[in-house]
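Peer 1:
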Amino acid sequence: MGSGATPRGVHVVRARFGAGLPPGAVLLGRKFSGEVFDAELGARFPERDWVLSRILWLGGMEPGRNLGGDVDSFRRFIYIHGTPDYEPMGTPASHGCIRMRNDAVIRLFDQVSVGTRVTITD
6 MGSGATPRGV HVVRARFGAG LPPGAVLLGR KFSGEVFDAE LGARFPERDW VLSRILWLGG
66 MEPGRNLGGD VDSFRRFIYI HGTPDYEPMG TPASHGCIRM RNDAVIRLFD QVSVGTRVTI
126 TD
């Protein structure tokens, strides 16, 4: 609880954001900022936690594990989203989100709908 780690277990896609936006579109508060990420933008704002291209917002399905209280994935804003290409993959770098390369998250986004089940394992 409160670890900031990616929550494990069964989830469901509760909402989708970014349909039709260009690869690298910057999403702030789940809305397109009008910016498209590039190296110059990244250098100007190195402190920003980049959410790019698409968002799949997850909701937990297992009470006490990822649903309810401090562990609630939806209330923790746990997303699957795009990230800059220079970010390392497979190492913790967020507050629980699952980061993907932009082309991969766009392909995934196009294949899933609200209600799609997602199981997160180690």
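Each residue of the sequence shown is one higher than the one before, starting from 6 at the first, in my numbering.
For glycine and all other residues, C-beta sits at the position ideal for the given N, C-alpha and C.
Could you tell me the distance, in whole angstroms, from the CA atom of Phe22 to the CA atom of Arg59?
Peer 2: As a working mapping, residue 22 is identified with position 17 in the sequence shown. As a working mapping, residue 59 is identified with position 54 in the sequence shown. Computed Cα separation, rounded: 6 angstroms.
Peer 1: Quick one: what's got a C-beta closer than 7 angstroms to Leu46's C-beta in the same chain, skipping five residues either side?
Peer 2: Your numbering for residue 46 matches position 41 in the sequence shown. If we look at Leu46 and ignore the five residues flanking it on each side, its Cβ neighbours are Glu40.
Peer 1: For Pro68, which residues does DSSP report across the bridge?
Peer 2: As a first step, residue 68 is located in the sequence shown; it is residue number 63 there, counting from the start. Its beta-bridge partners are Leu72.
Peer 1: Kindly give me the distance between the Cβ atoms of Leu61 and Phe114, rounded to whole angstroms, as I take these residues to be in contact under 8 angstroms.
Peer 2: Taking the sequence shown and counting its residues from 1, the one referred to as residue 61 is at position 56. Taking the sequence shown and counting its residues from 1, the one referred to as residue 114 is at position 109. Confirmed, about 6 angstroms.
Peer 1: Note down the Cα distance separating Val76 from Ile125, rounded to an integer number of angstroms.
Peer 2: Locating residue 76 in the sequence shown gives position 71, counting from the first residue. Locating residue 125 in the sequence shown gives position 120, counting from the first residue. Distance between the alpha carbons of Val76 and Ile125: 14 angstroms.
Peer 1: Can you grab the Cα-Cα spacing for the pair Pro28 / Phe82, in whole Å?
Peer 2: Numbered from its first residue, the sequence shown carries residue 28 at position 23. Numbered from its first residue, the sequence shown carries residue 82 at position 77. Cα to Cα, Pro28 sits roughly 22 angstroms from Phe82.
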